[in-house]
Structures are given as C-alpha cells and as structure tokens.
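Under the UniProt record's numbering, the first residue of the sequence shown is numbered 1, with each subsequent residue one higher. Just so it is clear, CB atoms sit at the ideal spot from N, CA and C, and this is done for glycine as well. This report concerns only the one structure given below.
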Amino acid sequence: MKAALKSISPKSEPDPRKRFHEQFRKEADEYDHDFHNKYHDDLNTILIFSGLFSAVASAFIVCVQNQILPDYTKMSFTVLTMLLNATSGVPNDTKLPTATAPDQSSVEVQAVLCSALASSLLAAFLAMLGKQW
Numbered sequence: 001m002k003a004a005l006k007s008i009s010p011k012s013e014p015d016p017r018k019r020f021h022e023q024f025r026k027e028a029d030e031y032d033h034d035f036h037n038k039y040h041d042d043l044n045t046i047l048i049f050s051g052l053f054s055a056v057a058s059a060f061i062v063c064v065q066n067q068i069l070p071d072y073t074k075m076s077f078t079v080l081t082m083l084l085n086a087t088s089g090v091p092n093d094t095k096l097p098t099a100t101a102p103d104q105s106s107v108e109v110q111a112v113l114c115s116a117l118a119s120s121l122l123a124a125f126l127a128m129l130g131k132q133w
C-alpha cells in the first residue's frame, strides 16, 4: 500500500522539462513585451507622419486639379455670347472653343501626387493593423 501511495504522490523534485518550459515562457513574455513597446512607439510615429503627409498631398492635389479641368467659364461665356447674338439677330461669327487636353506635366504631377497619397494611406492602414495585432 505504501508503495502504491508513494508512486501516485506528487514528487518533491521539480521536473527539468517543466522548469525549461517555465523559463522559456518567462523569456518569451519578456521578449514580446519589449518588442511591443519598441514597435508601438514606431507605429505611432508612422501614423502621425502619414497623416500629416496625406493632408499636405491632398492640398497639393486640390491645387493641381484646376490645371487639369477645362475652363468652364470660357465655355459658358462663348455659349452665352452665341445665344445673345442669335436672339438679337446679329450674325454669329463666334466659334465654340475646342476641347484641349491638359498639359502632360500637369497629368504627371497629378499622378505622382495621387500615388503618394495612396502610399501614405496604405502606410497608415498597415500601421493600424500592426497596432491592433
């Protein structure tokens, strides 16, 4: 009976495997905590920078957008002049303005600004995913 009780009673000596796992868990938790603290600050910096960069890029996109759009005031003035001449009986010698394409440089600048804005928003999105992970 004593032998049976002795075999099922808890051992007083610690199991080396248990000690290894406890030490490993302690080291892994410490590493994870340091890793989280380090990259938490870096991700905050990325979020702030990408937010400011997105605001500046958006402001430039709005400014450059006017160079790409046609001049609607000139078109409206020409059409109104033609209507006024037609209703007053004056011979109509004005011609409709032809559609002009925007400058190639304006299109390239707009493309670069839009891609920079998209990259900044992607960086902010990935930083948020990193913070939530």
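Counting C-beta atoms within 10 angstroms of its own C-beta, ALA118 has fewer than 16 neighbours from the protein chains shown and is therefore classed as exposed. Just so you know, the alpha carbons of LEU47 and PRO102 end up roughly 35 Å apart. Taking C-alpha positions only, GLU108 is separated from THR100 by approximately 17 Å. Around the beta carbon of LEU83, fewer than 16 other beta carbons lie within 10 angstroms, which makes this residue exposed.
Under the 8 Å Cβ criterion, the stretch 83–93 does not count as touching the stretch 13–27, having fewer than three qualifying pairs.
DSSP, reduced to helix, strand and coil, places THR73 within a helical segment of the structure shown. In terms of CA proximity to LEU122, SER54 leads the group PHE60, ASP15, TYR72 and SER54. The Cβ neighbour count for ALA57, taken over all protein chains shown within 10 Å, is at least 16; the residue is labelled buried. DSSP places ALA59 within a helical segment (H, G or I) once states are collapsed to three.
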